[in-house]
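A quick write-up on the structure given underneath.
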Amino acid sequence: MNAKVVFETERLVVRDWAEADGDRVFDIYRRWEVSRWLGATPRAMTDRDAATRTIERWNARNTDPLHGVWAVEEKATGTVAGTVLLVPLPEPSDGVPSRGEVEVGWHFHPDAWGRGLATESARGAIAHGFKAGLGEIYAVVRPGNQASLAVCRRLGMRPLGLTKRWYDAELESFVI
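Right, here's the structure in full:
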């Protein structure tokens, strides 16, 4: 299967996932240093079959042209460096009705850290969202995740402070 390309940046191809990406997905999400920052109850992926199910779930979400959870592939090597996402935030847990907020996010393999790939892919996802008509895009980051907090700053996102609005967890929130 040729995975649909969503957008490209100078160094990256952002695309749907392919079945062949399963080993890399497992290698990324089995690592506690990655997964500790993700989800309401962080947990590392424990088996390779979970990677296949995750790819199927992500590709099922990638059906509209705006939203998705996409593979970030380095043009120079063809290696999947990580994931970038542009998805509706979940229904708020604070009782205030959703205003259709959309989140940008990123998860990268440690071998891709420190090279600006998260910032580059997130900048591309934000541009993709704005081109499609979004007026603002949020990011939510677990306090203490200094690398992702730095990405938000590099993206020029405005800090909104701590919130429990989404994901049943206290998170640092940003908007651009």
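Using my numbering, the first residue of the sequence shown is number 23, and each one after it goes up by one.
Built from N, CA and C at the ideal position, the CB exists for glycine as well.
Test item: CB-CB of residue i and residue j under 8 Å
{"i": "alanine 172", "j": "histidine 131", "result": "no"}
{"i": "alanine 161", "j": "methionine 179", "result": "yes"}
{"i": "tryptophan 39", "j": "tryptophan 80", "result": "yes"}
{"i": "histidine 89", "j": "valine 109", "result": "yes"}
{"i": "leucine 193", "j": "valine 163", "result": "yes"}
{"i": "tyrosine 189", "j": "alanine 66", "result": "no"}
{"i": "leucine 182", "j": "serine 195", "result": "yes"}
{"i": "glycine 44", "j": "isoleucine 77", "result": "yes"}
{"i": "valine 124", "j": "leucine 156", "result": "yes"}
{"i": "alanine 73", "j": "phenylalanine 48", "result": "yes"}
{"i": "arginine 187", "j": "proline 119", "result": "no"}
{"i": "valine 27", "j": "histidine 150", "result": "no"}
{"i": "leucine 111", "j": "isoleucine 148", "result": "no"}
{"i": "alanine 98", "j": "arginine 37", "result": "no"}
Strand pairing of residue i, partner residues [DSSP]
{"i": "glutamate 194", "result": "Val163, Leu184"}
{"i": "histidine 129", "result": "Thr105"}
{"i": "proline 110", "result": "Val124"}
{"i": "valine 94", "result": "Val36, Gly104"}
Run of the alpha helix (DSSP H) containing residue i, from where it starts to where it stops
{"i": "serine 115", "result": "No alpha helix (DSSP H) contains serine 115, which DSSP labels as neither H nor E."}
{"i": "leucine 139", "result": "139-153"}
{"i": "alanine 172", "result": "168-176"}
May I have a chain-ordered list of the alpha helix (DSSP H) segments no shorter than 4 residues that lie completely inside the segment 28-92? Listed in chain order, they are 44-51, 54-57, 70-83.
Does the structure place the segment 48-56 close enough to the segment 81-100 that three or more beta carbon pairs sit under 8 Å? A contact between stretches requires three or more CB pairs, one per stretch, nearer than 8 Å, and the segment 81-100 fails this requirement with the segment 48-56.
Does the segment 116-129 come close enough to the segment 137-157 to have 3 or more Cβ pairs within less than 8 Å? Touching, yes.
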